[in-house]
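Take a look at the structure below.
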Amino acid sequence: DALDFLSFLLPGKFKQLAVGKTRYSVMIAEDGILFEDGTLSHISDGRYYLSTTTGNQDAIMSMMMWWLTVEPRDVQVKNLSGANSAINLTGPGTREFLQPLTDIDLSNEAFPYMACREGTISGVPVIMFRIGFTGELGYEIHYPAEYGEALWNHLLEEGKSQDVRPFGVETQRILREKGDALLDDSPVKVVLDFAGQRMYYVLHQILLTAALTRYILAVSLEHDLDTELTDKEDRVFGMTHKDNLKFWLHS
1052 DALDFLSFLL PGKFKQLAVG KTRYSVMIAE DGILFEDGTL SHISDGRYYL STTTGNQDAI
1112 MSMMMWWLTV EPRDVQVKNL SGANSAINLT GPGTREFLQP LTDIDLSNEA FPYMACREGT
1172 ISGVPVIMFR IGFTGELGYE IHYPAEYGEA LWNHLLEEGK SQDVRPFGVE TQRILREKGD
1232 ALLDDSPVKV VLDFAGQRMY YVLHQILLTA ALTRYILAVS LEHDLDTELT DKEDRVFGMT
1292 HKDNLKFWLH S
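At position 164 of the sequence shown the residue is numbered 1215 (this note's numbering), and the sequence of numbers has no breaks.
Here it is in structure tokens:
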């Protein structure tokens, strides 16, 4: 029942997700607000690998177990956050550097974008995901935590001749923005804020970039614009629906 359970938790048509494929996914709470995004990979028949943000891992695990208690399914869920380490290896020369170290065929034909593969790197068992965070060719490598520091140091040592170096989150963010901006000469980015305020505040550093030229703002007009804005418990926010609309139009 793993696929049925994932289709219940995540909005998307995951029945079409073939073995060896990865797809970006989002998770919404019962109120319909997005609170998590990550990736879902079909590792082998009936076996799926869901990645989440570090801050939400415990909440998502608790939610999964709660739903399996309320609506029992033939599903096993394991939190591998403490069992696995992860490395993001990226850059235009990544394939040439990594291919001699792994038994996984990294050619574009055998390992296309948004695919996942199991194998080894220098004898260490790994799951590799070809997903990008920087606008360059990249692989996310997940492997047993007991090899965590050893594989990290090994890759840095093997990469000295190619100037392989660690990079931080800020560098990753800048490279991602530059990658988006270079997709064409006059990029047009369209963002549908289907998740409301939470989406904006979580992603504002990504949304507010030079590459972004268009917003789509979805607004409910079922209320009189001059009435007080309230939540589901009728708590007043101290502004009218018109004030709220102005806030989003000028934000």
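Beta carbons: idealized from backbone N, C-alpha and C, even for Gly.
- Remark: three or more beta-carbon pairs, one from each stretch, lie closer than 8 Å, so the segment 1069-1076 and the segment 1152-1167 are flagged as touching.
- Within the same chain, and ignoring the five residues on either side of Q1150 in sequence, the residues whose Cβ sits closer than 6 Å to its Cβ are L1157.
- D1277 sits close to K1293, with the two beta carbons spaced by under 8 Å.
- Pairwise C-beta distances place the segment 1055-1064 out of contact with the segment 1136-1155, as fewer than three of them are shorter than 8 Å.
- Look at P1151 here: in three-state DSSP terms it is helix.
- Take the alpha-carbon of K1066 and the one of K1211: they are about 43 Å apart.
- Ranked by Cα distance from R1146, the options S1136, G1133, S1092, P1163 are led by P1163.
- A residue is called buried when at least 16 other Cβ atoms come within 10 angstroms of its Cβ; S1102 meets this threshold and is buried.
- Residue environment: G1189 is assigned as buried (16 or more neighbouring CB atoms within 10 Å of its CB, all protein chains considered).
- Under the criterion of beta carbons closer than 8 Å, V1128 and M1114 do not qualify as touching, at roughly 10 Å.
- A Cβ-Cβ contact shorter than 8 Å links I1111 with E1087.
- In the three-state scheme derived from DSSP, where H, G and I count as helix and E and B as strand, V1215 is classed as coil.
- Apart from the 5 residues on each side of it in sequence, V1177 sits with its Cβ closer than 7 Å to the Cβ of G1170, T1171, I1192, H1193, Y1194 in its chain, given in chain order.
- When secondary structure is reduced to three states using DSSP, V1121 falls in the helix class.
- According to DSSP, K1072 shares a beta bridge with A1166.
- When DSSP states are grouped into helix, strand and coil, A1137 belongs to the strand group.
- In this chain, the beta strand (DSSP E) harbouring D1088 covers 1085-1095.
- When the five nearest sequence neighbours on each side are left out, the beta carbons in the same chain lying within less than 6 Å of the beta carbon of N1130 are those of M1112, in order along the chain.
- One thing to note: L1068 has its Cβ within 8 Å of the Cβ of L1091.
- Annotated as proximal: L1206 and I1138, with beta-carbon spacing under 8 Å.
- Here D1214 is actually not in contact with V1126; their C-beta atoms are around 45 Å apart, not less than 8 Å.
- Distance from the CA of G1142 to the CA of P1217, rounded to the nearest whole angstrom, comes to 12 Å.
- When the alpha-carbon of E1200 is set against those of N1159, M1179, N1135, I1182, the nearest one is in N1135.
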